[in-house]
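What follows is one structure encoded as structure tokens, with my remarks underneath.
There are 4 protein chains.
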Amino acid sequence: MKEIKTIGVLTSGGDAPGMNACIRAVTRAAIFQGWKVYAIYRGWEGLINDDIREFSTESVSNTVQRGGTILKTARSKEFLTVEGRQKAYENMVKYGMDALVVIGGNGSLAGAMELAKEHDVPVIGLPGTIDNDLYGTDSTIGYDTALNTIMECVDKIRDTATSHDRIFFVEVMGRDAGFLTQNSAIAAGAEAAIIPEDNTDIDQLANFINRGIRKSKNSSIVLVSEKDGGAMHYAERVRKEYPQFEVKVSILGHLQRGGTPTAYDRILASRLGVAAIEALQEGQRNIMVGIKDDQIVYVPITRAIKLDKPIDKELINVLSILSI
Amino acid sequence: MKEIKTIGVLTSGGDAPGMNACIRAVTRAAIFQGWKVYAIYRGWEGLINDDIREFSTESVSNTVQRGGTILKTARSKEFLTVEGRQKAYENMVKYGMDALVVIGGNGSLAGAMELAKEHDVPVIGLPGTIDNDLYGTDSTIGYDTALNTIMECVDKIRDTATSHDRIFFVEVMGRDAGFLTQNSAIAAGAEAAIIPEDNTDIDQLANFINRGIRKSKNSSIVLVSEKDGGAMHYAERVRKEYPQFEVKVSILGHLQRGGTPTAYDRILASRLGVAAIEALQEGQRNIMVGIKDDQIVYVPITRAIKLDKPIDKELINVLSILSI
Amino acid sequence: MKEIKTIGVLTSGGDAPGMNACIRAVTRAAIFQGWKVYAIYRGWEGLINDDIREFSTESVSNTVQRGGTILKTARSKEFLTVEGRQKAYENMVKYGMDALVVIGGNGSLAGAMELAKEHDVPVIGLPGTIDNDLYGTDSTIGYDTALNTIMECVDKIRDTATSHDRIFFVEVMGRDAGFLTQNSAIAAGAEAAIIPEDNTDIDQLANFINRGIRKSKNSSIVLVSEKDGGAMHYAERVRKEYPQFEVKVSILGHLQRGGTPTAYDRILASRLGVAAIEALQEGQRNIMVGIKDDQIVYVPITRAIKLDKPIDKELINVLSILSI
Amino acid sequence: MKEIKTIGVLTSGGDAPGMNACIRAVTRAAIFQGWKVYAIYRGWEGLINDDIREFSTESVSNTVQRGGTILKTARSKEFLTVEGRQKAYENMVKYGMDALVVIGGNGSLAGAMELAKEHDVPVIGLPGTIDNDLYGTDSTIGYDTALNTIMECVDKIRDTATSHDRIFFVEVMGRDAGFLTQNSAIAAGAEAAIIPEDNTDIDQLANFINRGIRKSKNSSIVLVSEKDGGAMHYAERVRKEYPQFEVKVSILGHLQRGGTPTAYDRILASRLGVAAIEALQEGQRNIMVGIKDDQIVYVPITRAIKLDKPIDKELINVLSILSI
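In structure tokens form, the structure reads like this:
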């Protein structure tokens, strides 16, 4: 195995708060080892098009608290092709990169695996996504911040919901995963959460109404995952089936991705970034570094992106008890 | 003129942050005078339906920082009728209310004037609306908080907008008034604002594009007032007319109404609340108490709700210079 | 074992954000079981002096987001005596309380154990303290919020620290435990943390200076635990031993205890509150309900309050690598 | 009068949130005119030592929301001497600066006047200080943000103050001016404010105690200006003279200077920055640009720094009524 002296780092896919804290940790931990660090801009697109510059310790000063990603991110169609990945590999060779650290979600880590397999390049993945949908890690960088952002938005909506007497359907991000929806519903004291994982025959809306919406309450807030039509779909159903209720919809949208990261995300990002460099030093490759029981763990990337992470039934139970 | 010993206080129309700080000030200033205070719940609806209870100093403890309105608010169709207002008046008589303090926007103050005219009741209006569209006062209770809420949302959206390379159209509340849109665009460092007041023949979107969108910039944020189709309308135009740009839409929605009030709104609400009681003591009636040049002023309600408040051209100039 | 039909709930010791979310969960989960809930005000003091009232589902409405504790808290000298605890027990009998749920830190749970032993009363402890110093639980209610509050304060101090060229010593709460100091240092991007656990012969300050303070940096922020003289002590040492540096001190103080709880703390508090009622239903007694590996666990109170929780060396390593 | 083609901009004295928004506005408005902009680092110190570089439109991208000052600031002893100012002037000549824009407080503007008088250089001052103690402008850049920061801190302290039953003395910045103390007391719902302007024979503390501290309240928060011993002094007096009360002290310290600026401060900073360039274009010199009645005004620097700005008695009245 070749000794590592130079690495590249990039962010890919949707941006997530804490990515900068992670870039900072990767950069400084590598320099601490005496390695050289190349920052690759705009994800795979930048690796293909040579949008690359060397980073020093100072390059990441004053970034731990900033949202978004200073390396920018982009979707790359070219990288989905063998030719695109060949070009990417050639730039790695050009800069003498011995390994790559890739911060991103499902699709980004899948791309990294392709490159690793075709060109025998050591790759370390770090889970950066607000969706928390990667298997093998308790949390992903950005999830805790998005959770708090959603909660703060719902706190504000509750002010107006209780001032009037209304049902609010609030649509939350998370792609196929209901973690953000379920947990922000508990945190915000919402009355119900409608999530993709609950794909039984049970009609979640009818269930909520029948459980006695507004029996002892004058207003209700229901969080809805973006999948399957989202908040608008359920609001229309209520308007048709239960016209006695006044209904409002709020789609939180892209603001859920931004903002200064929470303490949890900054610490997680810092720990994972340092651990990625240690993993490379140990000769690890093609793994995702995650957190499990507050300890650093290594997960084969192939498992991290393929297996489903289930939602704990306890959480569903907690929400239904607390909304009485 | 009858000496005042008992007042009623209510909030009406859309809720606005700072209304609670204002209710607190009205209550304590009246009690400080030795008066009795009746809190009327759910606006005019509560005055008609006798949803009323007496307030003490403690009733408003720990409310200065809370969003929404503890008195709740509602739209009342019945109050729009002569019979409805007759019932409302009868409840005033029942409780011995010598005057009313009404916190709300345009419609609420218009309703107060009707009641005042028909039943010769002294009424003091206080400007409570995030829209800042009342004539005769530099600011309204809730406007500064909404401005900051919008700015914080756009700060978050900017994180993701600059991480990718996108144009964002963000839709902002304000009904027919562009204050929130124009000023939050300056505060958030947005590239442009499209407001109802700018109702000239000029095509604001074409103007923005031609001014050189993304010339030196990789992302753009345009704030759009909710009127006339809002953000969705402009996003669709860009998609059709300028397909080279990637466009996203965010509709901020009801969260703009909520949240803990800013220092400015709490101080404004406190000053106006105290001033309303002083105005009643002086024998004033059928006026709105406002703020002008940081001094308390009285404005005839009829003028406050009828005249338009213009947007300063200087602000439009500032935004266009700063977005170069 | 007697079937439980009625419980009391109290908060004791220092207040912590999330206590209200926990009171809410305990109350609603008990009512969900068909039990009666008595709220005991001002901790043990209120149990002794009969400062008690029944709670309904509505009693805890709109509290999930509020800091502090609606049950208030107090230090009780009388409860430290056998006679005091006898009076407390008599009030439990008077109200027919079959069990107690006690939310608090080390001292509060120790008091609960005394009562349990002397009067054979089932007691469930819930970890409510910003210090995170209870054994057997990964986190305590309030810790995550305090961590974020400290981080936000240090973010602000960094603005002024980097604008001038200064060393700031910032003093952080945590009693004998360095969790808040160590982790907020990582989160805030501070240059060093001086914590009680690092009680070796090594001089932490000299260590920090020799590691090359301000070598590549123009300003430094050092977080210091409140123990052993705190920030003032170290600032004075720098002024004497390294007079070339300009030094400032900031003691964060009581604001670290307050504020609306974070999502993590609200969810943790909600889960623990529901679990406390389930534990009672299962016949558990004299345990603390905690969280371990994101799962509910039961810990004998005697162990929770006696054993030390160590700080992970990995975190100390992360901070020293990232501050290069 | 010489036509202006090149300007220098600097920040001096204590940093204030919004300074970056102002630097951005000055830079872009000048470039909009076709002028050249030199950024001077570390205040007068940088003008003397040639710590200067040219700014483009991009130099100030993404700064509108950042606290502190990207130009840094420092106290300069050398600039207090004739020789120092001579060196500063020589660097102006070297770079061809036709005018200076100086953002800062009292001392900074006084320094600017000295330079202007000795070397016949056009200088425009912009009021940048959290203290709001400059005559001729309703507000200064940073004041609104500091007000909100203090209010948020006191909101947190109130959580813990009401959970226990305590008097808190909270010490607030503001040098010789009580604006921050008085207004944050109203905003935070504090029970009293002790300010330097109230320098009558009346004992403000005795006054507060006699007005019936904790009569109907279980906790009290008193804000105290930093002058004359501050919070510690009053806490000690209470401990001696009124030992029946439990007293705590909190000194907010340097975090009051930091943080992302509020909407008000960003808009004010943007308007003043644009207006400074317009003033230079009109041939103005040796004035401070301020805001009065929401309109841009010019104030001779000599007046701005010499005259006292009084606190409105109405505000003192409002606080004492609302704390009943």
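Residue numbers (numbering that gives the first Met the number 0), protein chains in the order written: chain A, 0 to 323; chain B, 0 to 323; chain C, 0 to 323; chain D, 0 to 323.
Here a beta-carbon is modelled for each residue, glycine too, at the ideal position from N, C-alpha and C.
Keep in mind that this is a model prediction, so the values were computed, not measured.
Buried versus exposed call for residue i [16 or more other C-beta atoms within 10 Å across all chains shown]
i, result
"methionine 83 of chain B", "Per the sequence shown, the amino acid found at residue 83 of chain B is glycine instead of methionine. It is buried - the Cβ of glycine 83 of chain B has at least 16 other Cβ atoms within 10 Å."
"proline 121 of chain C", "buried"
"threonine 180 of chain C", "buried"
"leucine 79 of chain C", "exposed"
"methionine 231 of chain A", "exposed"
"glutamine 64 of chain A", "buried"
"valine 36 of chain D", "buried"
"valine 81 of chain A", "exposed"
"alanine 278 of chain A", "buried"
"proline 242 of chain A", "exposed"
"glycine 33 of chain C", "exposed"
"glutamine 85 of chain B", "exposed"
"arginine 238 of chain D", "exposed"
"proline 126 of chain B", "buried"
"arginine 41 of chain A", "buried"
"asparagine 206 of chain D", "exposed"
"valine 92 of chain A", "exposed"
"arginine 270 of chain D", "buried"
"aspartate 175 of chain C", "exposed"
For residue i, the nearest candidate out of the options (CA to CA)
i, options, result
"glycine 103 of chain C", "C/Pro121, C/Gly252, C/Thr72 and C/Asp97", "C/Thr72"
"glutamate 89 of chain B", "B/Gly67, B/Gly45, B/Asp132 and B/Asn19", "B/Gly45"
"isoleucine 286 of chain A", "A/Asp137, A/Met112, A/Ala192 and A/Met18", "A/Met112"
"glutamate 53 of chain C", "C/Thr62, C/Ala38 and C/Glu151", "C/Ala38"
"glycine 173 of chain C", "C/Ile250, C/Gly7 and C/Asn48", "C/Ile250"
"glycine 66 of chain C", "D/Ala192, D/Asp154, D/Ala205 and D/Leu204", "D/Asp154"
"leucine 219 of chain C", "C/Phe244, C/Leu133, C/Ile129 and C/Gly228", "Looking at the sequence itself, residue 219 of chain C is serine, so the reference to leucine does not match. Out of C/Phe244, C/Leu133, C/Ile129 and C/Gly228, C/Phe244 has the C-alpha closest to the C-alpha of serine 219 of chain C."
"glutamine 294 of chain B", "D/Ala205, D/Lys312, D/Ala303 and D/Val296", "D/Lys312"
"isoleucine 272 of chain A", "A/Met96, A/Thr148, A/Val100 and A/His118", "Per the sequence shown, the amino acid found at residue 272 of chain A is glycine instead of isoleucine. Cα-wise, what sits closest to glycine 272 of chain A is A/Val100."
"arginine 27 of chain A", "A/Asp137, A/Gly13, A/Gly42 and A/Gly7", "A/Gly7"
"isoleucine 304 of chain B", "B/Ala268, B/Val288 and B/Tyr40", "B/Val288"
"valine 246 of chain C", "C/Ala24, C/Ser183 and C/Arg165", "C/Arg165"
"glycine 229 of chain C", "C/Asn131, C/Gly110, C/Ala15 and C/Gln203", "C/Gln203"
"serine 162 of chain B", "A/Ser322, A/Leu321, A/Ile300 and A/Gly13", "A/Gly13"
"alanine 275 of chain D", "D/Ser107, D/Tyr297, D/Ala191 and D/Ala189", "D/Tyr297"
Proximal chain A residues relative to residue i, where beta-carbon distance stays under 8 Å
i, result
"leucine 410 of chain B", "The shown model of chain B, from 0 to 323, leaves out residue 410 of chain B, and the question about it has no answer."
"valine 288 of chain C", "Neighbours of valine 288 of chain C on chain A: none; closest Cβ ~13 Å, over 8 Å."
Residue i: contacting residues in chain B (beta-carbon distance under 7 Å)
i, result
"leucine 254 of chain A", "Cys152, Lys155, Ile156 and Ser249"
"aspartate 137 of chain D", "Asp293"
Closer than 9 Å at the beta carbon, the chain B residues around residue i
i, result
"arginine 265 of chain D", "Met150, Ile185, Ala186, Ala187 and Gly188"
Chain-ordered chain D contacts of residue i [CB-CB under 8 Å]
i, result
"threonine 161 of chain C", "Gly67 and Lys71"
"glycine 257 of chain C", "Asp154, Lys155, Ile156, Arg157, Asp158 and Thr159"
Chain C contact residues for residue i, given Cβ-Cβ distances below 9 Å
i, result
"aspartate 307 of chain A", "Correct list: empty, because the minimum Cβ distance to chain C is about 17 Å."
7 Å Cβ cut-off: residues of chain C touching residue i
i, result
"valine 317 of chain A", "Ser269, Arg270 and Val273"
Under 9 Å, CB to CB, which of the residues in the region 62-83 of chain A have a partner in chain B? Arg65, Gly66, Gly67, Thr68, Ile69, Leu70, Lys71, Thr72, Ala73 and Arg74
Mind listing which residues of the region 219-250 of chain D have their C-beta closer than 7 Å to chain C's C-betas, in chain order? Lys247, Ser249 and Ile250
How do the region 130-142 of chain C and the region 262-279 of chain C stand: do at least 3 beta-carbon pairs fall below 8 Å, yes or no? yes
Taking a Cβ distance cut-off of 7 Å, strictly less, list which residues of the region 11-25 of chain B are near chain A, in chain order. Asp14
At a Cβ cut of 7 Å, what residues of the region 166-190 of chain A count as close to chain C, listed as they run along the chain? Asn182, Ser183, Ile185, Ala186 and Gly188
Does the structure place the region 274-292 of chain D close enough to the region 155-164 of chain D that three or more beta carbon pairs sit under 8 Å? no
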